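Notes to accompany the following structure.
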Amino acid sequence: MRYPPGHKEEKRKELLAISGAAIKQGGFVATGIDTLMQAAGVTSGAFYSHFASKNELLKAVIAQELLHSRKGWQKNPHTDATQWLDFELERYLNLSHVRHPESGCVLPSLGAEIGRADDEVKTLFEQEMHKGVEMLAQRLGSEETAWAFICQLVGAVLMARAMPDKVSQATVIEASKVFLRDAFKRN
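Here the sequence shown stands for residues 647 to 833, numbered as in my numbering.
Here it is, written out as structure tokens:
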């Protein structure tokens, strides 16, 4: 059966989106190719027509997810520093993000797994992170501040996800917002 032009590219995008959500929810190492392809509604054999290995899938997911994060920052409509910060804190530090890792940022979900990955994955991750840090540094005034901002956001979501109840989750998120607002008032 012949497929229309662009079919393979569209299918790859679909596989990346579905795989990204699944591995953010269940972890990369713990989620097998069969599970990922079943979620996508294709056979495991179809996986290899799009990716050479599971490691290649991880790299593709990282690149796609971090691109998505950069696009999110670009959508912040505010030029005023306080409004810009409030928008980002509300967008990222919220209970929906805590409770739905499958639709959130890749960093709190897979950061530890990326840290245990091979150098090829880490190198790609570093390159993609630098693109985001460069964008944020323009807004926040320095690369150092951009790194600190990202780390605080990711750490807050990670800690909130580790809490067993909604009250503790909300406490972590709200305390982080207060801390970050205060920290940026001093800058």
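Beta carbons: idealized from backbone N, C-alpha and C, even for Gly. Small disclaimer: the values here were computed from a predicted structure and weren't measured.
Sequence-distant residues of its chain with Cβ nearer than 6 Å to residue i (five each side left out)
i, result
"T677", "A668, I669"
"D680", "S690"
"E772", "none"
Euclidean distance between Cα positions of residue i and residue j
i, j, result
"D726", "M781", "16 Å"
"P754", "V744", "9 Å"
"E702", "M683", "15 Å"
"P747", "D764", "23 Å"
"W793", "P650", "43 Å"
"D628", "A829", "In the structure displayed, the chain extends from 647 to 833; residue 628 sits before or after that span and is not available."
"V824", "R807", "18 Å"
"W719", "W730", "10 Å"
"G801", "C751", "12 Å"
"K657", "S742", "28 Å"
"N740", "D811", "14 Å"
"F693", "H724", "41 Å"
"F697", "H776", "25 Å"
"M665", "S699", "Inspection of the sequence shows that residue 665 is occupied by Ser rather than by Met. So the alpha carbons of these two residues sit roughly 13 Å apart."
"S715", "V803", "15 Å"
Among the options, the one whose alpha carbon lies nearest that of residue i
i, options, result
"L786", "L753, T817, E820, L826", "L826"
"E711", "M805, A663, V803, S814", "A663"
"Q671", "A685, E772, K717", "A685"
"T791", "K831, R762, K717", "K831"
Neighbourhood of residue i by C-beta distance below 7 Å, restricted to the same chain and skipping five residues each side
i, result
"G789", "The sequence given here places Glu at residue 789; Gly does not occur at that position. Result list for E789: V779, A783, in chain order."
"F795", "L782, L786"
"Q798", "S822, L826"
"Q815", "L741, V744, A806, M809"
"G673", "E759"
"E660", "A686"
"N722", "W730, F733, E734"
N- and C-terminal bounds of the alpha helix (DSSP H) containing residue i
i, result
"P754", "752-762"
"E736", "727-738"
"A698", "Where A698 is concerned, there is no enclosing alpha helix (DSSP H), given that its DSSP letter is neither H nor E."
"V824", "812-831"
"G787", "Taken as a continuous stretch (DSSP letters only), G787 belongs to no alpha helix (DSSP H), as it is neither H nor E."
Neighbourhood of residue i by C-beta, 8 Å cutoff - its chain only, sequence neighbours within 5 removed
i, result
"V767", "N701, L704, K705, I708, I760"
"L713", "E774"
"S695", "K654"
"L770", "K705, I708, A709"
Open item on the list: Is it the case that the stretch 813-821 contacts the stretch 757-771, given that we only count it when at least three CB pairs across the two stretches are under 8 Å?
Closed with: The stretch 757-771 makes no contact with the stretch 813-821: fewer than 3 CB pairs, one atom from each, lie closer than 8 Å.
Task: Segment contact flag, the stretch 729-748 with the stretch 689-709, C-beta cutoff 8 Å, min 3 pairs - done: no
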